[in-house]
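Protein chains in written order, with the UniProt record's numbering: chain A, 1 to 210; chain B, 1 to 210. Glycine included, each C-beta is placed from N, C-alpha and C at the ideal position.
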DNA sequence: AGGTTGGTAAACAGATCGGTATACCTGTGC
DNA sequence: GCACAGGTATACCGATCTGTTTACCAACCT
């Protein structure tokens with residue numbers, strides 16, 4: 001599973017790192033349009049000139065923010081997947097565990113990609129590809145965990161069934177992100193994980209019986 | 001099922017109606033912060049003075065936009081529920097049908113409430129209550145359709161099970177809204193509806209067997 | 001010794017933001 | 001006959017927006 005994209009268009013000097021850190025926090029908490037570059041510079045303890053020397057434009061900071069957030073999420077996810085072992089069911093459940101841990105620390109307002117998408121109308125905006133890219137990647141992850149990437153392990157299921165089940169898992173996962181961000185009810189990731197477990201047990205049972 | 005809230009803080013003169021219509025379209029398509037009052041007034045064919053005479057502030061237009069969108073969604077939903085008849089399972093599936101129809105016409109960018117929430121950081125903002133109110137109402141709807149509101153019809157299930165299943169349906173529904181808005185895959189409402197049907201069949205079967 | 005890199009400090013530019021003010025017009029109800 | 005509600009048209013306000021400019025400084029690499 002390669003970590004595609006993110007060729008890092010910007011050299012991350014110490015100041016640039018502080019800018020990106022401040023921007024990430026502010027963009028996520030208050031929204032992209034609501035945060036000005038002056039505020040980002042002030043919070044990073046940096047002058048506006050430095051900010052524009054490093055990033056060139058606010059738009060570029062937005063792209064870098066999203067790409068960086070995606071990268072950090074995938075790193076957290078990779079750790080959970082590694083700890084889960086080779087069984088498809090365990091690996092799928094590990095995704096929900098990873099999301100629960102991630103959201104507890106960085107997800108008080110739900111999915112940063114979905115939130116950014118709400119503020120970006122232009123589909124040709126470079127951030128748009130980062131956003132939809134992550135969602136596509138997550139869908140491929142779910143279906144891949146159940147099908148192709150499962151290898152010859154017990155619990156692997158047929159491709160068409162992996163596609164269908166992967167999409168359902170995707171819906172549960174996205175729903176949990178929203179429910180968490182809007183505090184619809186407590187512990188949505190646990191709820192989603194439990195449902196995923198039931199689904200996998202049925203599918204795995206059927207696969208084992210086949 | 002009462003349509004609570006929305007006491008309409010504003011007298012809807014013809015001009016005000018055009019303002020609200022233009023604001024609704026622009027806010028949803030481009031985001032709230034990205035749209036200025038000058039643009040709203042211009043699109044509505046109205047002067048800024050009229051706009052401020054009717055609504056008093058942009059914030060008020062935002063609140064009215066969300067409350068109105070919520071109201072119109074509930075009207076569409078009510079029609080679908082009415083056509084579905086008294087059986088809980090049919091009524092739950094009707095929610096997904098309603099969302100599919102609604103999203104095909106007004107949902108190209110996903111859930112307007114979730115998108116607005118992404119732009120509003122202040123929890124004391126009057127729009128915040130409208131947003132979380134709708135989500136809570138939807139959760140109550142799902143659990144109610146399966147439990148209390150089901151009356152003495154066949155297919156009614158135990159309260160704790162209605163709560164659990166209602167939350168799962170909520171996750172599927174929110175996930176489908178996101179998947180639709182970000183075009184993660186085709187026809188997410190159909191996918192969610194199919195899964196809901198499977199879940200309801202299992203729960204209803206268990207209830208019937210009890 | 002000297003150029004390059006990564007900074008600070010601070011002023012500035014042009015546009016746009018939400019919101020207000022003044023003057024004038026028109027239909028309706030009493 | 002006349003006030004009033006609901007408008008148009010237009011100019012204006014201070015604040016904030018993204019982005020630029022000029023001047024100076026310290027560290028590092030050759």
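Residue i and residue j closer than 9 Å at C-beta
i: residue 24 of chain B; j: residue 96 of chain B; result: no
i: residue 171 of chain A; j: residue 195 of chain B; result: yes
i: residue 64 of chain A; j: residue 18 of chain A; result: no
i: residue 149 of chain A; j: residue 159 of chain A; result: no
i: residue 102 of chain B; j: residue 62 of chain B; result: no
i: residue 139 of chain A; j: residue 185 of chain B; result: yes
i: residue 89 of chain A; j: residue 192 of chain A; result: no
i: residue 72 of chain A; j: residue 106 of chain A; result: yes
i: residue 114 of chain B; j: residue 181 of chain A; result: yes
i: residue 100 of chain A; j: residue 187 of chain A; result: yes
i: residue 166 of chain B; j: residue 70 of chain B; result: no
i: residue 146 of chain A; j: residue 157 of chain A; result: yes
i: residue 67 of chain B; j: residue 44 of chain B; result: no
i: residue 33 of chain B; j: residue 33 of chain A; result: yes
i: residue 104 of chain A; j: residue 79 of chain A; result: no
i: residue 162 of chain A; j: residue 135 of chain B; result: no
i: residue 174 of chain B; j: residue 174 of chain A; result: yes
i: residue 130 of chain B; j: residue 60 of chain B; result: no
i: residue 46 of chain B; j: residue 15 of chain B; result: yes
Residue span of the alpha helix (DSSP H) that contains residue i, given as start and end
i: residue 147 of chain B; result: Segment: none, residue 147 of chain B is in no alpha helix (DSSP H) and carries neither H nor E.
i: residue 159 of chain B; result: 159-181
i: residue 50 of chain B; result: 48-55
i: residue 96 of chain A; result: 88-106
i: residue 221 of chain A; result: Here chain A covers residues 1 to 210 and nothing more, so residue 221 of chain A does not appear.
i: residue 58 of chain B; result: 58-84
i: residue 117 of chain A; result: 112-119
i: residue 37 of chain B; result: 37-44
Contacts that residue i makes with chain A (C-beta to C-beta distance below 9 Å)
i: residue 33 of chain B; result: 31, 32, 33, 34, 119
i: residue 61 of chain B; result: Under the 9 Å cutoff, chain A gives no residues; its nearest Cβ is about 16 Å from residue 61 of chain B.
Cross-chain neighbours of residue i in chain B, by beta carbon under 9 Å
i: residue 132 of chain A; result: 182, 183, 184
i: residue 135 of chain A; result: 178, 179, 182, 183, 184
Contacts that residue i makes with chain A (C-beta to C-beta distance below 7 Å)
i: residue 139 of chain B; result: 184, 185
i: residue 167 of chain B; result: 185, 191
i: residue 37 of chain B; result: Result: empty, since nearest Cβ-Cβ is about 15 Å, beyond 7 Å.
Chain B contact residues for residue i, given Cβ-Cβ distances below 7 Å
i: residue 10 of chain A; result: Residues of chain B passing the Cβ test: none, with the nearest at roughly 25 Å.
8 Å Cβ cut-off: residues of chain B touching residue i
i: residue 92 of chain A; result: Correct list: empty, because the minimum Cβ distance to chain B is about 15 Å.
i: residue 95 of chain A; result: Under the 8 Å cutoff, chain B gives no residues; its nearest Cβ is about 14 Å from residue 95 of chain A.
i: residue 46 of chain A; result: Under the 8 Å cutoff, chain B gives no residues; its nearest Cβ is about 23 Å from residue 46 of chain A.
Interface positions of the stretch 171-205 of chain B facing chain A (Cβ-Cβ less than 9 Å), listed along the chain: 171, 172, 173, 174, 175, 176, 177, 178, 179, 181, 182, 183, 184, 185, 188, 191, 192, 194, 195, 199
Touch test, the stretch 39-53 of chain B against the stretch 90-105 of chain B, Cβ-Cβ under 8 Å, three pairs minimum: no
Given 8 Å, three or more beta-carbon pairs between the stretch 108-128 of chain B and the stretch 108-127 of chain A: yes
Proximal residues, the stretch 65-76 of chain B versus chain A, C-beta separation under 9 Å: none
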